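Numbering (our numbering), first residue to last: 1281 to 1480.
All C-beta atoms, glycine included, are put in the ideal place defined by N, C-alpha and C.
Small disclaimer: the values here were computed from a predicted structure and weren't measured.
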């Protein structure tokens, strides 16, 4: 199976799961359409899966030239693995989805992270990874955290219970966020190290 075909399959799986999740959220909402849309795009899971689906779409249609900046795929892989790990460790036990919602949940939080990890192993230019890149990889999750805290201050909506300032207070939320940041740093360091070892 060629890289292009694999990219197309992963892109289709990604867009299906995102669109299906949007449909389910709109269908079951009890708030305004505008607020529903804002909340939909306030989930790290959704934003990251959009990044993943967009990346694979560009790869499938050869809109990304031969990767000149190795580390982009690694960063995306780490982001989606954080989505998967946080869900499996913290969030899976908090609800029990059924039917289409269960399928979508598994795609967004389990199957797609595995897809991306496989793709990273097969196609990332690992010998050009370096530890200096890790700092730039943190920009996206930090911007996300700032956005959620600022919007939550005005709307009192926090997409995840571990960053709910209304229930936990700022100190605990910042502590939880720091823990996830440490997980991100550890994963990033591990991927760079694995990349270097695979090319030795």
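In this structure, the alpha-carbon of residue 1367 lies about 15 Å from that of residue 1457. Within the same chain, no residue comes within 8 Å of residue 1470 by CB-CB distance, once the 5 residues on both sides are set aside.
In the DSSP annotation of this structure, the continuous segment of the alpha helix (DSSP H) that includes residue 1329 starts and ends at 1324-1340. The three-state reading of DSSP puts residue 1439 in coil, since its state is none of H, G, I, E or B. If you look at residue 1308, you'll find it in the alpha helix (DSSP H) that goes 1283-1308.
In this chain, the alpha helix (DSSP H) harbouring residue 1364 covers 1352-1366.
Here the C-alpha atom of residue 1372 lies approximately 10 Å from the C-alpha atom of residue 1389. Taking the Cβ atoms as the reference, residue 1428 lies roughly 20 Å from residue 1312, outside the contact range of under 8 Å. Distance from the CA atom of residue 1462 to the CA atom of residue 1468, rounded to whole angstroms, is 10 Å. The Cβ-Cβ distance between residue 1445 and residue 1432 falls below 7 Å.
Contact annotation: residue 1340 and residue 1423 have beta-carbon atoms that are not nearer than 7 Å.
When only Cα atoms are considered, residue 1331 and residue 1359 end up about 9 Å apart. The DSSP-derived three-state label of residue 1376 is coil.
In the DSSP annotation of this structure, the continuous segment of the alpha helix (DSSP H) that includes residue 1450 starts and ends at 1445-1478. A Cβ-Cβ distance of about 7 Å is found for the pair residue 1396 and residue 1356, placing them in contact under the 8 Å criterion. In terms of Cβ geometry, residue 1336 and residue 1296 do not form a close pair [threshold 7 Å]. If you draw a straight line from the Cα of residue 1440 to the Cα of residue 1304, it comes to about 18 Å. In the same chain as residue 1316, and ignoring 5 residues on each side of it, the C-beta atoms closer than 8 Å to its own belong to 1305, 1306, 1309, in chain order.
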